[in-house]
Amino acid sequence: MGKYRQLTHSVYKCDYHIVWTPKYRYRVLSGEIASLLHRDIHRLSLMKDVEIEELSIQKDHIHLLCSIPPKLSISGFMGFLKGKTAIKIFQSYPKLKKSCTGVIIFGHEDTS
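634 is the number that the working numbering gives to position 46 of the sequence shown; each next residue is one higher, with no gaps.
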């Protein structure tokens with residue numbers, strides 16, 4: 589039963605490949621922001637008993653291969669994960685602001 593996991597009344601193997609992007613697919617997930625995300629995704633996943641098998645953070649999207657227990661919905665976990673990481677990023681980097689026309693990064697507008 590190598591890859592199978594257990595709860596009290598069930599044995600499961602629920603692996604999901606999840607991809608998500610920042611708004612308008614802006615290229616803001618690099619450098620310190622990527623390392624902050626990497627650390628926080630692992631920390632928050634432990635809180636929900638989700639096993640991260642692979643995590644890849646690109647400049648404009650994130651790939652996550654994880655095992656989510658059946659007692660937790662995928663949308664519930666992703667809402668928790670995206671909400672907590674977004675709050676942390678915008679508190680840690682106040683110069684990274686959301687706007688209606690785009691993202692203003694460190695004083696200049698990113699149009700890519």
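The beta-carbon is built from N, C-alpha and C at its ideal position, and this holds for glycine as well.
- Does the distance from the C-beta atom of Q594 to that of L617 stay below 8 Å? No, these two residues do not count as a Cβ contact at 8 Å.
- Item | Buried versus exposed call for F678 [16 or more other C-beta atoms within 10 Å across all chains shown] | By the neighbour-count rule (16 or more Cβ atoms within 10 Å), F678 is not buried but exposed.
- How should L652 be labelled, buried or exposed, when 16 other C-beta atoms within 10 angstroms of its C-beta is the threshold for buried? Buried, since its Cβ has 16 or more Cβ neighbours within 10 Å.
- Query: Where D603 and Y681 are concerned, what is the direct C-alpha to C-alpha distance, given to the nearest angstrom?
  - Reply: D603 and Y681 have their C-alpha atoms some 33 Å from each other.
- Go ahead and pull the three-state DSSP assignment for D648. Reduced to three states, the DSSP call for D648 is coil.
- Just to confirm, are V607 and I650 a CB contact at a threshold of 8 Å? Contact flag set, yes.
- Work out the CA separation of S661 and S633 for me, nearest whole Å. Rounded to the nearest whole angstrom, the C-alpha separation of S633 and S661 is 13 Å.
- Determine the contact status of T673 and I629, defining contact as a CB-CB distance below 8 Å. Closer than 8 Å, so yes.
- In angstroms with no decimal places, state the Cα-to-Cα distance between H568 and E642. Here the chain covers residues 589 to 700 and nothing more, so residue 568 does not appear.
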